[in-house]
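**Q**
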Amino acid sequence: MTANQIKSYYSLFFFSIFMTIFLSCQDQKTFKLRTYIIPENSGEILTESGLYSAGTNLIFEAIGKGNFTFVRWSGDIDSRSNPFNFEIYSDTDIVAEFTKIKDMSSEDSDGDGVIDSNDKCPNTELGFVVDDDGCNIINEFDNNYFLVWGDEFEYDGELDKNKWHHQIIPPNNGSWWNNELQHYTNNIKNSFVSDGKLKIVAIKENYTVDNSSKNYTSARLNSKYGFKYGRVDVKAKLPSSEGTWPAIWTLGTNINEVGNYFGDSDGSVGWPRCGEIDIMEQNGWNKNELYGYFHFADSKGEYDSHGSVTNISNSSGQYHIYSMEWTDKIIRILVDNKEFVSLINNGNVPYDNPHYVLLNIAIGGNLGGEVSQSFIQDKMEIDYVRVFQKK
Ligand SMILES: [Ca+2]
Ligand SMILES: [Ca+2]
545 MTANQIKSYY SLFFFSIFMT IFLSCQDQKT FKLRTYIIPE NSGEILTESG
595 LYSAGTNLIF EAIGKGNFTF VRWSGDIDSR SNPFNFEIYS DTDIVAEFTK
645 IKDMSSEDSD GDGVIDSNDK CPNTELGFVV DDDGCNIINE FDNNYFLVWG
695 DEFEYDGELD KNKWHHQIIP PNNGSWWNNE LQHYTNNIKN SFVSDGKLKI
745 VAIKENYTVD NSSKNYTSAR LNSKYGFKYG RVDVKAKLPS SEGTWPAIWT
795 LGTNINEVGN YFGDSDGSVG WPRCGEIDIM EQNGWNKNEL YGYFHFADSK
845 GEYDSHGSVT NISNSSGQYH IYSMEWTDKI IRILVDNKEF VSLINNGNVP
895 YDNPHYVLLN IAIGGNLGGE VSQSFIQDKM EIDYVRVFQK K
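Numbering of the sequence shown is given in our numbering, commencing with residue 545 and proceeding in unit increments.
(1) Whose C-alpha, out of Thr668, Tyr760, Leu903 and Ser756, is nearest the C-alpha of phenylalanine 823?
(2) On the CB-based measure, 16 or more other CB atoms within 10 Å of its CB, does arginine 775 come out buried or exposed?
(3) Can you tell me whether glutamate 669 is buried or exposed? The criterion is at least 16 other CB atoms within 10 Å of its CB, across all chains shown.
(4) Would you mind listing the beta strand (DSSP E) stretches within the stretch 794 to 850 that are 3+ residues and don't spill past its ends, in chain order?
(5) Could you tell me the distance, in whole angstroms, from the CA atom of serine 634 to the CA atom of phenylalanine 575?
(6) Using 7 Å as the threshold, is the C-beta distance between leucine 782 and glutamine 826 below it?
(7) Which residue marks the beginning of the alpha helix (DSSP H) containing glycine 912, and which one marks its end?
(8) Are valine 817 and proline 894 closer than 7 Å when you measure CB to CB?
(9) Under the rule that 16 or more other beta-carbon atoms within 10 Å means buried, what is asparagine 798, buried or exposed?
(10) For aspartate 647, verify whether its CB is less than 6 Å away from any heavy atom of ligand 1.
(11) Check each residue's C-beta against every heavy atom of ligand 1 and list, in chain order, those closer than 5 Å.
(12) Could you tell me the alpha carbon to alpha carbon distance between tyrosine 773 and isoleucine 907, rounded to whole angstroms?
(13) Should cysteine 818 be counted as a contact of ligand 2 given a C-beta to heavy atom distance under 6 Å?
(14) What number of angstroms, rounded off, separates the C-alpha of valine 929 from the C-alpha of valine 615?
(15) If you pair each beta-carbon of the stretch 751 to 770 with each one of the stretch 862 to 878, do three or more pairs fall below 8 Å?
(16) Candidates Val639, Asp654, Leu595 and Glu801: which alpha carbon is nearest glycine 619's?
(17) Exposed or buried, which one is tyrosine 835 when buried takes at least 16 other CB atoms within 10 Å?
(18) Have a look at tyrosine 728 and serine 812 and give me their C-alpha separation to the nearest angstrom.
(19) As a quick exercise: from Asp654, Asn832 and Ser661, pick the residue whose alpha carbon is nearest that of aspartate 647.
(20) Say the cut is 6 Å; is the CB of threonine 668 nearer than that to a heavy atom of ligand 2?
(21) Going by DSSP in three states, asparagine 750 sits in which element: helix, strand or coil?
(22) Determine the closest residue to histidine 864 out of Ser719, Gly828 and Lys882, with distance taken between C-alpha atoms.
(23) Taking the CB atoms as reference points, tell me whether phenylalanine 508 and asparagine 683 lie closer together than 7 Å.
(24) Count the C-beta pairs between the stretch 729 to 746 and the stretch 696 to 712 that are closer than 8 Å, then say yes if the count reaches three, no if not.
(25) In whole angstroms, what separates the C-alpha of aspartate 637 from that of phenylalanine 604?
(26) What separation, rounded to the nearest whole angstrom, lies between the Cα atoms of threonine 761 and asparagine 755?
(27) Check aspartate 953 in the structure and name its three-state DSSP category.
(28) Expressed to the nearest angstrom, what Euclidean distance is found between the alpha-carbon atoms of isoleucine 856 and methionine 924?
(29) Tell me where the beta strand (DSSP E) around alanine 606 begins and ends.
(30) From the DSSP output, which residues share a beta bridge with valine 745?
(31) Name the one or two DSSP bridge partners that glutamine 726 has.
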């Protein structure tokens, strides 16, 4: 072997070693993988951050936590595939993006209190009462009217305080109006719910309030709901005793009467400027008659009234439906859906402001008359009060 040959062999030998080292360095080249979660703690990526040899096949799998679900990969990759296959040949940042799953089980899109999964009428308008299926409740006599407020009295004991106010402060110098003989109380014996009915009970008993003594007690209720235009239906059985004066009626919420529900917030005018609608009244001596009446101030502020009397049979033994329909054109008073009096609603009458419902039994006075010596107690039973409006 010549010296040159030996040189060449050495060269080749060192070149081989160099190449081997070079290639093996190439093989062992590693890259950094960094993983991120958005939003924080919303999920995890099963592949760990760290160093990986070039060409390593990685499977990125994103798993949402709680009610978060995977949306997409971002950073150095852009994909919605999950899992996602990836070969690493450079330092790589990957981001798994998650979003909150809408909890459909408790979603109530139309806000009527019935969750979407149970709501058979998914787009009911706000302001209307719905049934268990999330659907409007349509008036049984007129399908243009939908329930907006009411009480079915499907509970026992005290009246629903969210719906009813007891008017108990005598507003007229320690007495009530019209020479009536009772005080109104919030005592449960004068008003309570049982057997699916509201009972308003007038009782012969001595009762003193504000140093003013009366020989009878009863209840006078105000709805805590005011409404302008609509239809009211009240199904009721009336007292039969001589001297009882039951009433189902409305007043403008703007009446400034002391002790009523709306007086403090809305009271701005006196009676009769507030307007009164007597849907049902009965005098104390003829229980076969009903009064439907309007009391109001005319455009000059002078008292005026309009009304009618109709016959009714068995008003204490049988339920009847006492109704009022009120629009910006006319107010009609009905019994068992038969109109017996109406009033044109125009600029001469003050019936374009909200009213509330009143329920009471007065004793004696102008329309109660003489009270029987044998009177102990009597009641008005109310199956429901319903207020409807058009859409
Ligand atoms: Ca709903
Ligand atoms: Ca609904």
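Ideal Cβ positions, reconstructed from N, Cα and C, are used throughout, including at glycine.
**A** Based on what the coordinates show:
(1) Position 279 of the sequence shown, counting from 1, holds the residue named residue 823. It is isoleucine, not phenylalanine, that sits at residue 823 in the sequence shown. For the residues Thr668, Tyr760, Leu903 and Ser756, the minimum Cα distance to isoleucine 823 belongs to Leu903.
(2) Numbered from 1 along the sequence shown, position 231 holds the residue referred to as residue 775. Label assigned to arginine 775: buried.
(3) By one-based count along the sequence shown, residue 669 stands at place 125. With fewer than 16 other Cβ atoms within 10 Å, it is exposed.
(4) 820 to 825 and 833 to 841
(5) The residue you call residue 634 lines up with position 90 of the sequence shown. The residue you call residue 575 lines up with position 31 of the sequence shown. Rounded to whole angstroms, serine 634 to phenylalanine 575 spans 5 Å at the Cα level.
(6) Sequence index remark: in the sequence shown, residue 782 carries index 238 (1-based). Sequence index remark: in the sequence shown, residue 826 carries index 282 (1-based). Taking 7 Å as the Cβ cut-off, leucine 782 and glutamine 826 qualify as a contacting pair.
(7) Here residue 912 corresponds to residue number 368 of the sequence shown, with the count starting at 1. It spans 909 to 912 - the alpha helix (DSSP H) in which glycine 912 sits, taken as one unbroken run.
(8) The sequence position of residue 817 within the sequence shown is 273, counting from 1. The sequence position of residue 894 within the sequence shown is 350, counting from 1. In the sequence under discussion, the amino acid at residue 817 is arginine, which differs from the valine named in the question. Their beta carbons are under 7 Å apart, which means arginine 817 touches proline 894 by this criterion.
(9) As a position in the sequence shown, residue 798 is number 254, starting the count at 1. Buried, since its Cβ has 16 or more Cβ neighbours within 10 Å.
(10) Taking the first residue of the sequence shown as 1, we reach residue 647 at position 103. No, the Cβ of aspartate 647 stays beyond 6 Å of every heavy atom of ligand 1.
(11) Asp652, Asp654, Asp656, Val658, Asp663 and Gly678
(12) Position 229 of the sequence shown, counted from the start, is the residue given in the question as residue 773. Position 363 of the sequence shown, counted from the start, is the residue given in the question as residue 907. C-alpha separation (whole angstroms): 30 Å.
(13) What you label residue 818 is simply residue 274 of the sequence shown in a count that begins at 1. Every heavy atom of ligand 2 is 6 Å or more from the Cβ of cysteine 818, so no.
(14) As a first step, residue 929 is located in the sequence shown; it is residue number 385 there, counting from the start. As a first step, residue 615 is located in the sequence shown; it is residue number 71 there, counting from the start. Cα-Cα distance, rounded: 52 Å.
(15) no
(16) By 1-based counting over the sequence shown, the position of residue 619 is 75. Measuring from the Cα of glycine 619, the nearest candidate turns out to be Val639.
(17) Here residue 835 corresponds to residue number 291 of the sequence shown, with the count starting at 1. Classification of tyrosine 835: buried, given that the 10 Å Cβ count is 16 or more.
(18) For this step, residue 728 is matched to residue 184 along the sequence shown. For this step, residue 812 is matched to residue 268 along the sequence shown. Rounded to the nearest angstrom, the two C-alpha atoms are 24 Å apart.
(19) Taking the sequence shown and counting its residues from 1, one reaches residue 647 at position 103. Of Asp654, Asn832 and Ser661, the residue nearest in Cα terms is Ser661.
(20) Stepping through the sequence shown from its first residue, residue 668 is reached at position 124. Yes, the Cβ of threonine 668 comes within 6 Å of a heavy atom of ligand 2.
(21) Counting from 1 along the sequence shown, the entry for residue 750 is found at position 206. Here asparagine 750 sits in strand by DSSP.
(22) Along the sequence shown, one-based indexing puts residue 864 at 320. It is Lys882 whose Cα lies nearest to the Cα of histidine 864.
(23) In the structure as shown, the chain begins at 545 and stops at 935. Residue 508 is therefore absent and cannot be evaluated.
(24) yes
(25) Here residue 637 corresponds to residue number 93 of the sequence shown, with the count starting at 1. Here residue 604 corresponds to residue number 60 of the sequence shown, with the count starting at 1. So the two alpha carbons sit approximately 12 Å from each other.
(26) For the purposes of this step, residue 761 is taken as residue 217 along the sequence shown, with counting starting at 1. For the purposes of this step, residue 755 is taken as residue 211 along the sequence shown, with counting starting at 1. Distance between the alpha carbons of threonine 761 and asparagine 755 is about 15 Å.
(27) The requested residue 953 is not part of the displayed model; the chain covers only 545 to 935.
(28) Numbered from its first residue, the sequence shown carries residue 856 at position 312. Numbered from its first residue, the sequence shown carries residue 924 at position 380. In a straight line, the C-alpha of isoleucine 856 is about 16 Å away from that of methionine 924.
(29) Locating residue 606 in the sequence shown gives position 62, counting from the first residue. From DSSP, the beta strand (DSSP E) with alanine 606 extends over 606 to 608.
(30) As a working mapping, residue 745 is identified with position 201 in the sequence shown. Valine 745 is bridged to Lys923.
(31) For the purposes of this step, residue 726 is taken as residue 182 along the sequence shown, with counting starting at 1. Glutamine 726 is bridged to Tyr760.
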